[in-house]
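Colleague: One structure, as structure tokens, below. Some questions next.
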Amino acid sequence: MTPATPTHVMLQRLLFARGQTRSARTVEVFGWLILAESALMLFAPHFVATVLHLPALSEQAASYFRLAGLLVGGVGMLYVVSGRTSAEGFVFGSLLDRPLVPFAMALFWWFGILHWTLALAFAVQDFG
Numbered sequence: 001m002t003p004a005t006p007t008h009v010m011l012q013r014l015l016f017a018r019g020q021t022r023s024a025r026t027v028e029v030f031g032w033l034i035l036a037e038s039a040l041m042l043f044a045p046h047f048v049a050t051v052l053h054l055p056a057l058s059e060q061a062a063s064y065f066r067l068a069g070l071l072v073g074g075v076g077m078l079y080v081v082s083g084r085t086s087a088e089g090f091v092f093g094s095l096l097d098r099p100l101v102p103f104a105m106a107l108f109w110w111f112g113i114l115h116w117t118l119a120l121a122f123a124v125q126d127f128g
């Protein structure tokens, strides 16, 4: 696509992912998963904290958790759109990055930066 591509052509490409590769499909599915998590973080932050065995959230912490959920949703949208449009560079970068996340989460847990349940959740989600 060129910068002069009409809007309806771009929207049609989002609606119908013709020629989507298998790796682009995995990026899109990962994006939908992240968007679902974002919705849970926005609308049920206390539930998500309980599921992850995090300490109880104060109202201010819940607000920050919702803000993080909004940012996570932006990343999810980026994954969905990149997968739907088979953005080769993004797909390639994602496939390089995702297997490294479990190692990073193990280090974060080892040094006490993240609670083990949160580190495990990120590791399983990204590597899976």
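Going by my numbering, the letters in the sequence shown line up with residues 1 to 128, in that order. We put the CB at the ideal spot given by N, CA and C, even for glycine.
1) Looking only at its own chain, which residues have a Cβ that is under 7 angstroms from the Cβ of residue 62, when we skip the five neighbours before and after it?
2) Identify which residue in 54, 85 and 52 has its Cα closest to the Cα of residue 18.
3) Using a Cβ distance threshold of 8 angstroms, determine whether the segment 23-31 contacts the segment 83-99, with at least three qualifying pairs required.
4) Under a three-way DSSP split, which group does residue 54 fall into?
5) Between the segment 30-44 and the segment 70-78, do three or more beta carbon pairs fall short of 8 angstroms?
6) In the DSSP assignment, the alpha helix (DSSP H) including residue 86 goes from what residue to what residue?
7) At what residues does the alpha helix (DSSP H) containing residue 26 begin and finish?
8) Just the C-alpha distance for residue 67 and residue 42, rounded to the nearest angstrom, thanks.
9) Per the contact definition of three or more C-beta pairs closer than 8 angstroms, is the segment 121-128 in contact with the segment 94-103?
Modeller: For this structure:
1) Stepping through the sequence shown from its first residue, residue 62 is reached at position 62. Counting only Cβ-Cβ distances below 7 angstroms, and skipping sequence neighbours, we find 45 and 46.
2) Taking the first residue of the sequence shown as position 1, residue 18 is located at position 18. Considering only alpha carbons, the answer is 85.
3) yes
4) On the sequence shown, residue 54 is found 54 positions in, with the first residue counted as 1. Looking at residue 54 - three-state DSSP - the assignment turns out to be coil, as it is neither helix nor strand.
5) The segment 30-44 makes contact with the segment 70-78: 3 or more CB pairs, one atom from each, lie closer than 8 angstroms.
6) As a working mapping, residue 86 is identified with position 86 in the sequence shown. Segment: none, residue 86 is in no alpha helix (DSSP H) and carries neither H nor E.
7) As a first step, residue 26 is located in the sequence shown; it is residue number 26 there, counting from the start. 22-43 is the extent of the alpha helix (DSSP H) around residue 26.
8) Counting from 1 along the sequence shown, the entry for residue 67 is found at position 67. Counting from 1 along the sequence shown, the entry for residue 42 is found at position 42. C-alpha separation (whole angstroms): 7 angstroms.
9) Contact between the segment 94-103 and the segment 121-128 is present, because at least three Cβ pairs lie under 8 angstroms.
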